[in-house]
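J.: Before I ask anything, let me first share the structure, which is written out below as structure tokens.
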Amino acid sequence: MKRLLWLLLATVLVAGLLLPGCSGDSGKIRVATDATWPPFEYVDTTTGEIVGFDVDLFNAIAEEAGLEVEWINVEWDPLLAGVAQGTYDAAISSITIKEERKADMDFSDPYYIAGQIIVAKTDSAITGADDLVGKSVGVQSGTTGDDEVSAMNGVNVTGYDEIGMAFVALMNNQVDAVVCDTPVASGYVKKYDTLKTVGEVLTTEEYGIAMPKGSDELMGKINQALAEVKSKGIIDQLVEKWLVD
Amino acid sequence: MEQQEKNAPDRELSFVTGGEVNIRQDPWWWLVIAVIAIIVLLVMVAPVPFKEIVVFARSGILVTVLVTVSSYFLMLILGLFGGLGRLSKNKLIFGISSLYVEIVRGIPLLVQLIAWYFASPVAIQKIGVWLNFAPLIEYRANPILTAIIAITVCYGAYMSEIVRSGIQSIPKGQMEAARSLGMSHFQAMRYVVLPQAFRVILPPMGNEFIALLKDSSLVSVVAVADITRKGREFMSAHFNPIETWLMVALLYLVLTLFAARIVSYIEKRSRHDR
Numbered sequence: 001m002k003r004l005l006w007l008l009l010a011t012v013l014v015a016g017l018l019l020p021g022c023s024g025d026s027g028k029i030r031v032a033t034d035a036t037w038p039p040f041e042y043v044d045t046t047t048g049e050i051v052g053f054d055v056d057l058f059n060a061i062a063e064e065a066g067l068e069v070e071w072i073n074v075e076w077d078p079l080l081a082g083v084a085q086g087t088y089d090a091a092i093s094s095i096t097i098k099e100e101r102k103a104d105m106d107f108s109d110p111y112y113i114a115g116q117i118i119v120a121k122t123d124s125a126i127t128g129a130d131d132l133v134g135k136s137v138g139v140q141s142g143t144t145g146d147d148e149v150s151a152m153n154g155v156n157v158t159g160y161d162e163i164g165m166a167f168v169a170l171m172n173n174q175v176d177a178v179v180c181d182t183p184v185a186s187g188y189v190k191k192y193d194t195l196k197t198v199g200e201v202l203t204t205e206e207y208g209i210a211m212p213k214g215s216d217e218l219m220g221k222i223n224q225a226l227a228e229v230k231s232k233g234i235i236d237q238l239v240e241k242w243l244v245d
Numbered sequence: 246m247e248q249q250e251k252n253a254p255d256r257e258l259s260f261v262t263g264g265e266v267n268i269r270q271d272p273w274w275w276l277v278i279a280v281i282a283i284i285v286l287l288v289m290v291a292p293v294p295f296k297e298i299v300v301f302a303r304s305g306i307l308v309t310v311l312v313t314v315s316s317y318f319l320m321l322i323l324g325l326f327g328g329l330g331r332l333s334k335n336k337l338i339f340g341i342s343s344l345y346v347e348i349v350r351g352i353p354l355l356v357q358l359i360a361w362y363f364a365s366p367v368a369i370q371k372i373g374v375w376l377n378f379a380p381l382i383e384y385r386a387n388p389i390l391t392a393i394i395a396i397t398v399c400y401g402a403y404m405s406e407i408v409r410s411g412i413q414s415i416p417k418g419q420m421e422a423a424r425s426l427g428m429s430h431f432q433a434m435r436y437v438v439l440p441q442a443f444r445v446i447l448p449p450m451g452n453e454f455i456a457l458l459k460d461s462s463l464v465s466v467v468a469v470a471d472i473t474r475k476g477r478e479f480m481s482a483h484f485n486p487i488e489t490w491l492m493v494a495l496l497y498l499v500l501t502l503f504a505a506r507i508v509s510y511i512e513k514r515s516r517h518d519r
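Quick mapping for you: the protein sequence lines, in order, are chains F and A. Using our numbering, you'd call the opening residue of the first sequence number 1 and step up by one each time. Using our numbering, you'd call the opening residue of the second sequence number 246 and step up by one each time.
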């Protein structure tokens, strides 16, 4: 019994020591994404692979630039913190290029233009941004939707870790509307008859690839490869594949 | 043959005192079975999405178990030393272990996890630059290892207090008697006091295991793909939060209820030794 316990302990310790050996390969670049944002990045639940528009795009860029990619799937807030701090070499995760974010990280040229939209229940009286006054609105904390709603006067913002939780809150009438990126909104609206998108797109915003401050060499490679990918029409193909149905 | 004869009275004894696992003797096993039955039923009645969730979360279950079991055993060791340190007459050892317990148990595990994963690499890289030592400059935190370290350090502090209270619950006479028989302080602790204290702290130890298992869901914030993170990924891919979290809750419930039964079994086994 005692020997068994020691054996167990030894296994655990050895496992602990071997684990770090798996990471830190210098030839690869570490690319972070929060794969909970379909159709841009999400996990294909039958294969367990990270898939989506951003993933295909970055793989195309990496091929063009001759880079090897190690994908890291991490939550949204730690993702932004990790890029700012250099834990990851790059991040592609539907990240909107924003002035405030530029203080902590560098962005590539934009690769996609998206917008924020309001989602409400089908029987809701909300018809546009003006109707949100006095209502409570669910968002994913730290996203551009969060910033947009927080900037409106007289709107109660409820921030969730995950956009899916904001939608559950909406379905349970805990919030009156949700604001998020258009592709994600259309995913939920298609899935649930009780939801609809409301009004026009609130903002237009550009998605970029984020990199830690001062990664000029990688930035040069990626921007060049991105331009190549654009000129080859790959982005249009990806829009066709992931965003049009 | 000889072995068998030697064990025979033991087995009889355990039969008399009800040492073995038996549904009749521990009816709470039915609860474990009931939860498993609910999962099986859901998977059979509605394979989409329940079967998909279970299949998808398999690797997450393994990660949760790995993180929980590793950090549990490591924190037991840390807690043992912490607890002994809290009882030490040496002012330095007492000071260090008390400082550790007081500070660490006052900070939420979530905050500690984030600090270990995001702040410690920066500190280590700074030290690397200072020493001009390349491996340290390029140091990158390994998510699972960082999670195990953070949970071990945090729970080690709670465990230290449990060990301390367990040792203090043993009457002073035990130590004094052992010392007067010629045992050293270490021997008396090792062979007389700790075995008795162990029995006292067994229930809180089991409780810590279950608490740790549940708290392991926090590791999903530092890029560890445990059951919770797998649930988030599944939910976002299929837009079905309610079904996903129902299944995630059931999976955790199976693990915790099963662990609780094991703890109660060990408690029973150790009781009849007395």
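For every residue, glycine included, the Cβ atom is placed at its ideal position computed from N, Cα and C.
Evaluate A/P366 with the Cβ neighbour count: other Cβ atoms within 10 Å of its Cβ, from every protein chain shown; 16 or more gives buried, anything less gives exposed.
T.: In the second sequence, counting from the first residue as 1, residue 366 of chain A sits at position 121. The residue is buried, with at least 16 neighbouring Cβ atoms inside 10 Å.
J.: Between which two residues does the beta strand (DSSP E) carrying A/V367 extend?
T.: The residue given as residue 367 of chain A occupies position 122 in the second sequence. No beta strand (DSSP E) contains A/V367, which is instead part of the alpha helix (DSSP H) from 365–376.
J.: Looking at F/G187 and A/F526, is the spacing between their C-beta atoms short of 8 Å?
T.: Examination of residue 526 of chain A is not possible in this model, given that chain A is present from 246 through 519 alone.
J.: Should F/V74 be flagged as near chain A, meaning a C-beta pair shorter than 8 Å?
T.: Numbered from its first residue, the first sequence carries residue 74 of chain F at position 74. For F/V74, the answer is yes, since a Cβ of chain A falls inside 8 Å of its Cβ.
J.: Are three or more beta carbon pairs between the segment 468–487 of chain A and the segment 417–431 of chain A nearer than 8 Å?
T.: Touching, no.
J.: Could you name the residues of the same chain whose beta carbon sits closer than 7 Å to that of A/C399, not counting the 5 residues immediately before and after it, in chain order?
T.: Position 154 of the second sequence, counted from the first residue, corresponds to residue 399 of chain A. Correct list, in chain order: V349, L354, Q357.
J.: In three-state DSSP terms, what is F/W71?
T.: Taking the first sequence and counting its residues from 1, one reaches residue 71 of chain F at position 71. Residue state, collapsed to three classes: strand.
J.: Indicate the three-state DSSP secondary structure (helix, strand or coil) for A/M428 in the structure shown.
T.: As a working mapping, residue 428 of chain A is identified with position 183 in the second sequence. If DSSP states are grouped into helix, strand and coil, A/M428 belongs with coil.
J.: Does DSSP classify A/R385 as helix, strand or coil?
T.: The residue labelled residue 385 of chain A in the question sits at position 140 within the second sequence. Residue state, collapsed to three classes: coil.
J.: Three Cβ pairs or more, each shorter than 8 Å: is that satisfied between the segment 175–186 of chain F and the segment 491–501 of chain A?
T.: As far as the Cβ criterion goes, the segment 175–186 of chain F does not touch the segment 491–501 of chain A, which means the pair count is below three.
J.: Quick one: grab the DSSP three-state call for F/G48.
T.: Working through the first sequence from its first residue, we reach residue 48 of chain F at position 48. DSSP places F/G48 in coil when its eight states are reduced to three.
J.: Could you round the C-beta distance between F/L238 and F/D56 to whole angstroms and report it? I think they count as a contact, below 8 Å.
T.: Stepping through the first sequence from its first residue, residue 238 of chain F is reached at position 238. Stepping through the first sequence from its first residue, residue 56 of chain F is reached at position 56. Confirmed, about 5 Å.
J.: Under 8 Å Cβ-Cβ, which residues of chain F neighbour A/E478?
T.: Here the question's residue 478 of chain A lines up with position 233 in the second sequence. Simply A35, T36, Y42, V43, T45, N73.
J.: Around the C-beta of F/G82, are 16 or more other C-beta atoms found within 10 angstroms, so that it is buried, or is it exposed?
T.: Walking along the first sequence from the start, residue 82 of chain F turns up at place 82. Buried is the call here.
J.: Classify A/V464 as helix, strand or coil using the three-state DSSP reduction.
T.: In the second sequence, the residue the question calls residue 464 of chain A occupies position 219. Helix, per DSSP.
J.: Residues of chain A with a CB under 7 Å from the CB of F/Y188: which are they?
T.: For this step, residue 188 of chain F is matched to residue 188 along the first sequence. Here the neighbours are F484.
J.: Does the beta carbon of A/P366 sit closer than 8 Å to a beta carbon anywhere in chain F?
T.: What you label residue 366 of chain A is simply residue 121 of the second sequence in a count that begins at 1. Taking Cβ atoms only, chain F reaches closer than 8 Å to A/P366, which makes this a yes.
J.: Rounded to whole angstroms, what's the CA-CA distance from A/G327 to A/V464? Just pull it up for me.
T.: In the second sequence, the residue the question calls residue 327 of chain A occupies position 82. In the second sequence, the residue the question calls residue 464 of chain A occupies position 219. Between A/G327 and A/V464, the C-alpha separation is close to 24 Å.
J.: Got a sec? Which residues, its chain only, sit under 8 Å from A/V595 by beta carbon, not counting five neighbours each side?
T.: In the structure as shown, chain A begins at 246 and stops at 519. Residue 595 of chain A is therefore absent and cannot be evaluated.
J.: Please classify F/P212: does DSSP put it in a helix, a strand, or coil?
T.: Locating residue 212 of chain F in the first sequence gives position 212, counting from the first residue. Note: F/P212 maps to strand in three-state DSSP.
J.: For A/L337, does the count of other Cβ atoms within 10 angstroms reach 16, so buried, or fall short, so exposed?
T.: Taking the second sequence and counting its residues from 1, the one referred to as residue 337 of chain A is at position 92. Label assigned to A/L337: exposed.
J.: Excluding the five sequence neighbours on either side, which residues of its own chain have a C-beta within less than 6 Å of the C-beta of F/G115, listed in chain order?
T.: Taking the first residue of the first sequence as 1, we reach residue 115 of chain F at position 115. Answer for F/G115: T182, V201, T203, T204, listed in chain order.
J.: Report the rounded CA-to-CA distance for F/G66 versus F/I234, giving the unit in angstroms.
T.: Translated into positions along the first sequence, residue 66 of chain F becomes position 66. Translated into positions along the first sequence, residue 234 of chain F becomes position 234. So the two alpha carbons sit approximately 17 Å from each other.
J.: Can you look up A/F326 in the DSSP assignment and give me helix, strand or coil?
T.: Along the second sequence, read from residue 1 onward, the residue named residue 326 of chain A stands at position 81. A/F326 falls in the helix class under three-state DSSP.
J.: Return the residue from the list F/T87, F/Y111, F/E41, F/A185 that minimises the CA-CA distance to F/I29.
T.: Within the first sequence, numbered from 1, the residue matching residue 29 of chain F stands at position 29. It is F/T87.
J.: In the structure shown, what three-state DSSP assignment does A/Q419 receive?
T.: Within the second sequence, the letter at position 174 stands for residue 419 of chain A. Residue state, collapsed to three classes: helix.
J.: Quick one: which chain F residues come within Cβ less than 9 Å of A/I487?
T.: Here residue 487 of chain A refers to the residue found at position 242 when the second sequence is read from its first residue. Those are V168, M171, listed as they occur along chain F.
J.: Should A/V466 be flagged as near chain F, meaning a C-beta pair shorter than 8 Å?
T.: Reading the second sequence from its first residue, position 221 is the one you call residue 466 of chain A. Interface residue, yes.
J.: Is it buried or exposed for A/F431, if we count other Cβ within 10 angstroms and need 16 for buried?
T.: Here residue 431 of chain A is taken as the residue at index 186 of the second sequence, counted from 1. Counting Cβ neighbours within 10 Å, A/F431 comes out exposed, since fewer than 16 surround it.
J.: Can you tell which of A/E512, A/M450, A/P294, A/I281 has its C-alpha closest to the C-alpha of A/G324?
T.: Taking the second sequence and counting its residues from 1, one reaches residue 324 of chain A at position 79. Among A/E512, A/M450, A/P294, A/I281, the Cα nearest to that of A/G324 is on A/M450.
J.: If you measure from the beta carbon of A/S219 to each beta carbon in chain F, is any gap under 8 Å?
T.: Here chain A covers residues 246 to 519 and nothing more, so residue 219 of chain A does not appear.
J.: Is it a yes or a no for the segment 145–160 of chain F touching the segment 211–218 of chain F, going by three-plus beta-carbon pairs under 8 Å?
T.: The segment 145–160 of chain F vs the segment 211–218 of chain F: no contact.
J.: Can you find the residues in the same chain that come closer than 6 Å, C-beta to C-beta, to A/V445, ignoring five residues on each side of it along the sequence?
T.: As a working mapping, residue 445 of chain A is identified with position 200 in the second sequence. Taken in chain order, the residues that qualify are G411, S414.
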